[in-house]
Amino acid sequence: DTAVSQTPKYLVTQMGNDKSIKCEQNLGHDTMYWYKQDSKKFLKIMFSYNNKELIINETVPNRFSPKSPDKAHLNLHINSLELGDSAVYFCASSQDPRESNEKLFFGSGTQLSVL
Amino acid sequence: AQTVTQSQPEMSVQEAETVTLSCTYDTSESDYYLFWYKQPPSRQMILVIRQEAYKQQNATENRFSVNFQKAAKSFSLKISDSQLGDAAMYFCAYGDPRQGGSEKLVFGKGTKLTVNP
Chain A
698 DTAVSQTPKY
708 LVTQMGNDKS
718 IKCEQNLGHD
728 TMYWYKQDSK
738 KFLKIMFSYN
748 NKELIINETV
758 PNRFSPKSPD
768 KAHLNLHINS
778 LELGDSAVYF
788 CASSQDPRES
798 NEKLFFGSGT
808 QLSVL
Chain B
1408 AQTVTQSQPE
1418 MSVQEAETVT
1428 LSCTYDTSES
1438 DYYLFWYKQP
1448 PSRQMILVIR
1458 QEAYKQQNAT
1468 ENRFSVNFQK
1478 AAKSFSLKIS
1488 DSQLGDAAMY
1498 FCAYGDPRQG
1508 GSEKLVFGKG
1518 TKLTVNP
């Protein structure tokens, strides 16, 4: 039973299109994240939500809009896709980082290719 | 801003041997977490080991152990008795717990580990 699942695993689309990536966690965690891994494998945080509230919003174009309908879901919508958006997008979740056993659980990633 | 540096883009080790992956970080905080994540070709990010900065004792998980030097801001990963399945990208990460109940991980650029039979 997958802890953090994201769909789709692969997404190929044309420049200018709008696309969404969905993420769900069944761990009962309060916090969810989106990370981006570029072609050089560099991972960088984009957003985090805690109980549906936006906590972290790094310098990300406003074409990227996260949406958290409930604390088990954090979807990522991307408008007007550009070539530079091609990357692997990872969803993750965690409980309270002040907990002593805190750690991030990652989904398996969505490889987005913009043509 | 915190930064994490992995100075070894690639490393290789013979099966059953020991290898150490380097990581240094920069922070002005005293309370934080450090992690090593493994990313095999399957792309899954797998937590290998975690260290709380307030703990002086080095974390260990079976064949994986760390050498945490807080004053030097160094956090190296030692893999003993290397196995073919250890071949992967290894990422060092710094975690900064926030009041809002969220955690921002800052990752290094990764070290690609090859295990030779």
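One line per chain: the protein sequences are A and B, in this order. Just so we're on the same page, my numbering is the position in the first sequence counted from 1, plus 697. Just so we're on the same page, my numbering is the position in the second sequence counted from 1, plus 1407. Glycine included, each C-beta is placed from N, C-alpha and C at the ideal position. It should be emphasised that the depicted structure is a prediction, and the values quoted were computed from it without experimental measurement.
With a threshold of 6 Å on Cβ separation, who are the neighbours of residue i within its own chain once the five nearest residues in sequence on each side are excluded?
i	result
Asp1488(B)	Ala1423, Arg1470
Phe1475(B)	Gln1458, Asn1465, Phe1482
Tyr1432(B)	Val1411, Lys1480, Tyr1501
Leu1512(B)	Ala1500, Gly1502
Is it true that the CB of residue j sits closer than 8 Å to the CB of residue i?
i	j	result
Ser805(A)	Gln722(A)	no
Tyr1497(B)	Thr1518(B)	yes
Val701(A)	Leu812(A)	no
Phe744(A)	Pro763(A)	yes
Ser1515(B)	Gln1409(B)	Note that residue 1515(B) corresponds to Gly in the displayed sequence, not to Ser. For Gly1515(B) and Gln1409(B), no; Cβs fall outside 8 Å.
Phe803(A)	Gln1463(B)	no
Gln1446(B)	Ala1495(B)	yes
His726(A)	Ser791(A)	yes
Asn772(A)	Lys738(A)	no
Could you name the residues of the same chain whose beta carbon sits closer than 8 Å to that of residue i, not counting the 5 residues immediately before and after it, in chain order?
i	result
Asp715(A)	His774, Ile775, Asn776, Ser777, Leu778
Lys706(A)	Ser805, Gly806, Thr807, Gln808
Pull up the DSSP beta-bridge partners for residue i, would you.
i	result
Gly1502(B)	Tyr1440(B), Leu1512(B)
Asp1433(B)	Thr1410(B)
Near residue i, what residues of its chain come up, given a Cβ to Cβ distance below 7 Å and the 5 sequence neighbours on each side ignored?
i	result
Glu1459(B)	Tyr1440
Pro1524(B)	Glu1422, Leu1491
Leu780(A)	Met712, Val811
Tyr1461(B)	Asp1438
Ile753(A)	Ile742, Phe744, Ser745
Lys1477(B)	Ala1460
request  = Inspect the CB distances between the stretch 1421-1439 of chain B and the stretch 722-731 of chain A and report whether three or more fall short of 8 Å.
outcome  = no
request  = Could you name each continuous beta strand (DSSP E) segment of 3 residues or more that falls completely within the stretch 755-797 of chain A, going from the start of the chain to the end?
outcome  = 761-767, 770-775, 784-791
message = Runs of 4 residues minimum, wholly inside the stretch 714-757 of chain A: which ones carry the alpha helix (DSSP H) assignment?
response = none
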